[in-house]
Amino acid sequence: MKHLSIILALFIFSATAAQAQAPSAMNYQGIARDASGSLLQNTELSLRISILQGGAEGENVYSEVHQVVTDRAGQFSLRLGDGLASGSSFDMIDWHRDHHWLRVEMDETGGTDFALLGTSQLLTVPYAMYAVQAGSLAPSDFNAAPSGSPSAVWHRVGNRGTNPSQDFVGTTDNVDLVFRTNDVERVRFTASGDVGIGTSSPAAKLDVNGDVHIATDLDVDNDAEIGNDLDVGNDASIGMDLDVGKNTTIGGNAHIKGDAMIDGALDVSGKSTFGLFEVSAAGDLTFDPSADDGLNHVALFGNTNGNDADGIGIKISNGATDENNNFVTFYSGTANSAKITGRIEGYKYVPLKANAQFWSDNLKPAIEYWKLIGFNPSAGLSFKPDYFGLSLGSWPSISVSKTFSVSISGGSWPQPQWPTINPLSIADPKNWFNPNVSELINKFEPLVCLAFENDWKSLLQMDVASLATFAARMELEAKCKDGGVTYGSKGADYAEWLPKSDVTDKFMFGQIVGVKDGKISLTTDGADQVMSISMAPVVIGNIPPVSEEGNYEKVAFIGQVPVMVKGHVDAGDYIVASGLNDGFGFGVKPEELTIEHLPRILGRALAASANDNADMVNTLIGVKTNEWVQIFRSQEKRITRLESQVLEHSRTVAASQDDRMQSLEAENRALREEMRAIRTALGLPKNGATPRQAKYVDNR
4 MKHLSIILAL FIFSATAAQA QAPSAMNYQG IARDASGSLL QNTELSLRIS
54 ILQGGAEGEN VYSEVHQVVT DRAGQFSLRL GDGLASGSSF DMIDWHRDHH
104 WLRVEMDETG GTDFALLGTS QLLTVPYAMY AVQAGSLAPS DFNAAPSGSP
154 SAVWHRVGNR GTNPSQDFVG TTDNVDLVFR TNDVERVRFT ASGDVGIGTS
204 SPAAKLDVNG DVHIATDLDV DNDAEIGNDL DVGNDASIGM DLDVGKNTTI
254 GGNAHIKGDA MIDGALDVSG KSTFGLFEVS AAGDLTFDPS ADDGLNHVAL
304 FGNTNGNDAD GIGIKISNGA TDENNNFVTF YSGTANSAKI TGRIEGYKYV
354 PLKANAQFWS DNLKPAIEYW KLIGFNPSAG LSFKPDYFGL SLGSWPSISV
404 SKTFSVSISG GSWPQPQWPT INPLSIADPK NWFNPNVSEL INKFEPLVCL
454 AFENDWKSLL QMDVASLATF AARMELEAKC KDGGVTYGSK GADYAEWLPK
504 SDVTDKFMFG QIVGVKDGKI SLTTDGADQV MSISMAPVVI GNIPPVSEEG
554 NYEKVAFIGQ VPVMVKGHVD AGDYIVASGL NDGFGFGVKP EELTIEHLPR
604 ILGRALAASA NDNADMVNTL IGVKTNEWVQ IFRSQEKRIT RLESQVLEHS
654 RTVAASQDDR MQSLEAENRA LREEMRAIRT ALGLPKNGAT PRQAKYVDNR
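Counting along the sequence shown from 1, when you hit position 256 you're at 259 in our numbering, and nothing is skipped either side.
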C-alpha cells in the first residue's frame, strides 16, 4: 500500500493578537507519497485526522474526515477543525488539560478504508490556541498596564485550581468592563461599580433597560419603586415599603400580613378568601360576574371560625338610622340603567319628616300633659291643718318636642310652715321632687326595653313617683323601638314551600289549592285550608333540598297574591274556591256570604274584574277578613226581619181579636135592646123582674 509522508510545515492561525479572537481551526499542510516514495500528484485522497489526549494510544477527543486533492508537487492543505467531524466539536477540546497527539489515517482512493499512517505529539504551536483563550484578556501593552497579572487559566468550558485572590475577570484600571454578543453591548460594569443591562450609562447599582424575569424569591429590604408593570412568577418578600407607580401583576398568591390600604379601586377577578374585609370609604364594591365559585355566585362569603362564626356585618356610623339609611340595596340592570328591586333600610319609631308638621299643628296644642299622668295641678292642695301652714309647691313644667323628646323643669314639694319651735323641722322634704328626665331614661331604659321585648308592659308603673310623666314613657318606648330595619321588596307576599300530594302535579301561580294533612292539591272540598300558589314572594320559608324542589311548590301564606277567578268580581268581594277543584275562585258580595262559603274562603279582592271568563285578581290573603262578622250580621238582619214580621202578625191578630170582641159586644147589646123592647111590648117585666102570669090561648 502506498503511504503518506507527513510534513508539518506550518500552523497558521486564523487570528492575530490585534484581532483578539480565538481561532476555530488550524491550517495543516503535507506532502503525499506512495510506498516507493513517489509523489502522489493530482490525486484525490481521504484523510481522517484525530486528536488523542494523554498519549499516542490515549483517548480520542476529536476526529474529522477531509477530502483533499494534491497538486503537481504532491502537496495538499486543510483546516483542522473544518472537516466532517464525528462526535464532539473541535472547540470543545480542552487543550490545557493534558498533552495531545495527532493521528493521521488515509485512503488513497478517496474512500473510507482508512489505514494508519502515524501518530505524533503536538508540541508548542497548537498551545497558542490555549493562550489565545485567556491571553486576549490582557492588554497588548504590558508595560503600560497597572499592577496585576494577566490570567493564564480562564477557559470557556470551565476551570479548576483557581485562586480567587489572583484569578478574576475584570479590570485593574479605572475603565468600564463591557460584555458583548453579536457585536452588540449587552452588559456594562462601570468603573464606579454600577451595572447596566441594556444601557451603556447605568444610573444605579443595577440599571436594567428591559424585562426582568426572577424565577425564585426577590427580597427587597428597602423601598422599591416600579414605574411600569411588575410580573412576579414566584414569592416576593419585601421587608420595607413597596411603592408601585403603575400596574402590578401577581401571577401567584400575594400574602399581606399587615393592613392593606387601597385608595383607589380594587379589582379582584378570581376567587378570593378574606379573614376580615372592611370597606369604609364611600364608593362601589363590584364583583366580576365571570368569577366561578362553583355555585354561580359573583361573591361568596365564608367563615371557617367554627360554631361561633358570623357571616357579613354591615355598619352605618349613624347613631339613629332611619329610612334614609339603606343597609343593603338590591339592583337589577347595568350600571347606567340599574333599578332598585329591594332594600333593607333603617327604621325609626317616629318618622319625623312625615309627622312633624301634623304633630306641631294638631296634637301638641291639644295635649294637657298632666292629664296623661292622672293629676290636675290647677286644683292645688287643700289640706291645711290648724297647727301649721302650708305653702303650695310648684309643679314641674313639661314640654315635648316634635320628636317626643321630653324636657321637664324642676318642681318642688309643698313646703310646710312650722311654728317657731318645731321638733319636726329635720324632716323638711324641700327639693325632694326635682325629676330629671335624662337621668330617668338612662336608669330605666334597660328595664323598659326588657318589658317591651317580653310583653311585660302591664308591669310597668309610670306614675309620678316612678318616672314622673307619661311623656317620658313615650320617649323611652321610642328609644326601645328605634334602630330596627325595614325590608322592602317588589314581592307582595310571604310564602313557604309545601309538599305536593301528588309529586307529578304541575301548578301555576294564582291557582287556588287545598291543604290536606300538610300537602297541597287542587282539591278544595274537605281541605283543612284553602290557599293560593305564590307568584312573587318577598320572603319564602321551608326551602327544600335542591334535589327535591320538584316535589314542592311555593304557597302564599299572607299578603297580596294574584288569584285565578271566573266571572265578575268587584273590589271588596270575598274570593271563594269554585268547588270544582279546578284552581279557580269566584267573587261573593259580603251581604251574600253564607255559612256554606266559609270553608272555601281564600281572601278579599283588592281589584275588580269585569271579565265574565277567566281572569287574575289581586287578592289579600292570610289576614283577618271578618267573614264571620258578615255571616252574623246577615243572620242578625234576617232575625230582626223575622222578629218584625212576627210582631206585626201578633199585632194584626190582636187587633183582629179586639175588633171581633167589640163586634160581638155590639151585637149582644143590640140583642139585649131588642129583647127589652119585646118584653115591653108584651108587657113582660124587665130583666130581673118576676114575670107576669100569662094566659095561654090555644086557637086550635
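Glycine included, each C-beta is placed from N, C-alpha and C at the ideal position.
These figures come from a predicted structure and were not determined experimentally.
query                                                                                                             : result
Proximity to Ile624 [Cα-Cα], best of Ala495, Lys503, Ser240 and Ser91                                             : Ala495
Endpoints, beta strand (DSSP E) assigned at Ser53                                                                 : Glu47 to Gln56
Cα-Cα separation, Gln532 to Thr337                                                                                : 43 Å
Candidates Gly322, Arg603, Asn321 and Ile343, of which the one nearest Val331 by Cα                               : Ile343
Own chain, CB closer than 7 Å to Ile315, minus 5 neighbours either side, in chain order                           : Phe304
Stretch pair the region 493-512 + the region 528-545: three plus CB contacts closer than 8 Å                      : yes
Alpha carbon of Arg573 to alpha carbon of Ser612, nearest angstrom                                                : The sequence given here places Asp at residue 573; Arg does not occur at that position. Answer to the nearest angstrom: the Cα atoms are 6 Å apart.
Identity of the residue in Ala76, Leu48 and Val107 nearest Glu60 by Cα                                            : Val107
Nearest-angstrom Cα separation, counted from Gly491 out to Asp585                                                 : 34 Å
Cβ pair count under 8 Å reaching 3, the region 97-111 against the region 73-80                                    : no
Spatial neighbours of Asn250 in its chain, beta-carbon cut-off 6 Å, leaving aside the 5 residues before and after : Asp232
C-alpha distance - Leu125 paired with Gln56, whole-angstrom precision                                             : 10 Å
First through last residue of the beta strand (DSSP E) which encompasses Gln563                                   : Tyr555 to Lys569
Own chain residues within Cβ distance below 8 Å of Val198, not counting five before or after                      : Val190, Arg191, Phe192, Pro205, Lys208, Leu209 and Asp210
Residue of Ile515, Lys519 and Ser524 minimising C-alpha distance to Thr507                                        : Ser524
Under 8 Å between C-beta atoms of Val518 and Ile347                                                               : no
Start-to-end residues for the beta strand (DSSP E) that takes in Ile343                                           : Lys342 to Tyr350
Range covered by the beta strand (DSSP E) that runs through Lys509                                                : Run containing Lys509: none; DSSP gives neither H nor E here.
Which of helix, strand or coil DSSP assigns to Asn306                                                             : coil
Which of helix, strand or coil DSSP assigns to Gln44                                                              : coil
Cβ pair Val68, Gly86 closer than 8 Å                                                                              : yes
Asp222 (DSSP reduced to helix, strand or coil)                                                                    : strand
Proximity below 8 Å, CB of Leu83 to CB of Ala118                                                                  : no
Reduced DSSP secondary structure (H/G/I, E/B, other) of Glu67                                                     : strand
C-beta atoms of Ile536 and Val568 nearer than 8 Å                                                                 : no
Which residues DSSP lists as bridging Val579, in chain order                                                      : Phe589 and Ile604
For Arg191: DSSP bridge partner residues                                                                          : Val181 and Gly199
Secondary structure of Lys519, DSSP reduced to three states                                                       : strand
Nearest to Val765 (by Cα), restricted to the options Gly590, Ile259 and Asn339                                    : With the chain covering only 4 through 703, there is no way to say anything about residue 765.
Alpha-carbon spacing of Ser637 relative to Ala617, whole angstroms                                                : 29 Å
Within 8 Å, strictly: CB atoms of Ile34 and Leu105                                                                : no
Where Arg75 sits in the DSSP three-state scheme                                                                   : coil
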